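Asker: Using numbering that gives the first Met the number 0, you'd call the opening residue of the sequence shown number 0 and step up by one each time. Quick reminder that beta carbons are idealized off the backbone N, C-alpha and C, glycines included. Owing to the predicted nature of the structure, the values given are computational and were not obtained by experimental measurement. One structure is given below, represented as structure tokens, and several questions about it will come after.
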Amino acid sequence: MQRKRSQWIEIISGANAEHQIYLDESGINTNLTRHYAHAVHGKRAMDATPINTPAGTTAQRFREYIGKQLIPSLEKDDVVIMDNMRSHHAKIVTELLDKAGISYLYLPPYSPDLNLIEKMWSKMKSFLRKRKVRVAAELPEAVKAALETISTNDCKGWFHASGICVN
């Protein structure tokens, strides 16, 4: 496992960071709440959370995203980097990427710490928890505001924290 991680870091450190496109699925909805809160001494902090029934990322949904949104937005030298989620390895997905001439890599197994987008999701979700958006129509604006909190220094730090050298 450690050998695969070391090889990954060596390979990806030699690639142009501007062309590394990290993918990961994540849900954003109206039931995000803070993990910590202040309360009167001796009392438990309470918060209400709406009920949500999640829908997973299927190979078909992922293929649709790749075909309709990702591929049209990619540049010539971009490399798509994915974790080992089953839908990412699906034949209908890899065939579409291959047909479009898209370069892609998979992270080493059990290495979410090497997926830089995980760190971005963490920062965004922290922001969204503070916003406590409870109306679905308000989510797009809240997500936009969360994305605007991501700085160049954040990105450089996430590369560094993952052991990836960038200039």
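Please return the same chain residues whose Cβ sits closer than 7 angstroms to the Cβ of A58, not counting the five positions on each side in sequence.
Answerer: Position 59 of the sequence shown, counted from the first residue, corresponds to residue 58. So the list reads S86, A89, I91, V92, once near-sequence residues are dropped.
Asker: Quick check: the segment 119-127 against the segment 143-150, are at least 3 beta-carbon pairs closer than 8 angstroms?
Answerer: Cβ pair count under 8 angstroms is three or more, so yes.
Asker: Report whether the distance from the Cβ of H18 to the nearest heavy atom of the ligand NAP is below 7 angstroms.
Answerer: No copy of the ligand NAP occurs in the structure displayed, which carries no ligand at all.
Asker: Where does I163 sit, in a helix, a strand or coil, going by DSSP?
Answerer: Within the sequence shown, the letter at position 164 stands for residue 163. Of the three classes helix, strand and coil, the one that applies to I163 here is coil, per DSSP.
Asker: Spatial neighbours of I65 within its chain, please: C-beta separation below 8 angstroms, excluding the five flanking residues on both sides.
Answerer: Within the sequence shown, numbered from 1, the residue matching residue 65 stands at position 66. The answer, listed in chain order, is V92, L95, L96.
Asker: I'd like to check one pair, D23 with P82: are the Cβ atoms closer than 8 angstroms?
Answerer: Taking the first residue of the sequence shown as 1, we reach residue 82 at position 83. Taking the first residue of the sequence shown as 1, we reach residue 23 at position 24. It is Asp, not Pro, that sits at residue 82 in the sequence shown. A contact, by the Cβ cut-off of 8 angstroms.
Asker: Answer yes or no: do T148 and K118 have a C-beta to C-beta separation smaller than 8 angstroms?
Answerer: Here residue 148 is taken as the residue at index 149 of the sequence shown, counted from 1. Here residue 118 is taken as the residue at index 119 of the sequence shown, counted from 1. No, these two residues do not count as a Cβ contact at 8 angstroms.
Asker: Three-state secondary structure (DSSP) at V78?
Answerer: Counted from its first residue, the sequence shown places residue 78 at position 79. Note: V78 maps to strand in three-state DSSP.
Asker: Would you report the Cα separation of L73 and D112, rounded to the nearest angstrom?
Answerer: Along the sequence shown, read from residue 1 onward, the residue named residue 73 stands at position 74. Along the sequence shown, read from residue 1 onward, the residue named residue 112 stands at position 113. L73 and D112: Cα-Cα distance of roughly 24 angstroms.
Asker: I need the straight-line Cα distance from K42 to V132, nearest angstrom please.
Answerer: The residue you call residue 42 lines up with position 43 of the sequence shown. The residue you call residue 132 lines up with position 133 of the sequence shown. Any reading at K42 must be qualified, since the residue scores a pLDDT of 49, below 50, and its modelled position is unreliable; the value itself is stated next. So the two alpha carbons sit approximately 25 angstroms from each other.
Asker: List the DSSP bridge partners of Q19.
Answerer: Numbered from 1 along the sequence shown, position 20 holds the residue referred to as residue 19. DSSP output for Q19 lists V78 as bridge partner(s).
Asker: Using beta-carbon positions only, say whether D76 and H159 come within less than 8 angstroms of one another.
Answerer: Within the sequence shown, the letter at position 77 stands for residue 76. Within the sequence shown, the letter at position 160 stands for residue 159. No, these two residues do not count as a Cβ contact at 8 angstroms.
Asker: Any idea what DSSP makes of Y105, helix, strand or coil?
Answerer: Along the sequence shown, one-based indexing puts residue 105 at 106. In this structure, Y105 counts as strand in the three-state DSSP scheme.
Asker: Residues in its own chain within less than 7 angstroms of C164 by CB, not counting five upstream and five downstream?
Answerer: As a first step, residue 164 is located in the sequence shown; it is residue number 165 there, counting from the start. Same-chain partners within the cutoff: S12.
Asker: Alpha carbons only, please: which of S25, N15, I8, A14 is nearest the one belonging to W120?
Answerer: Residue mapping note: residue 120 aligns to position 121 of the sequence shown, counting from 1. If we check each option's Cα against that of W120, S25 comes out closest.
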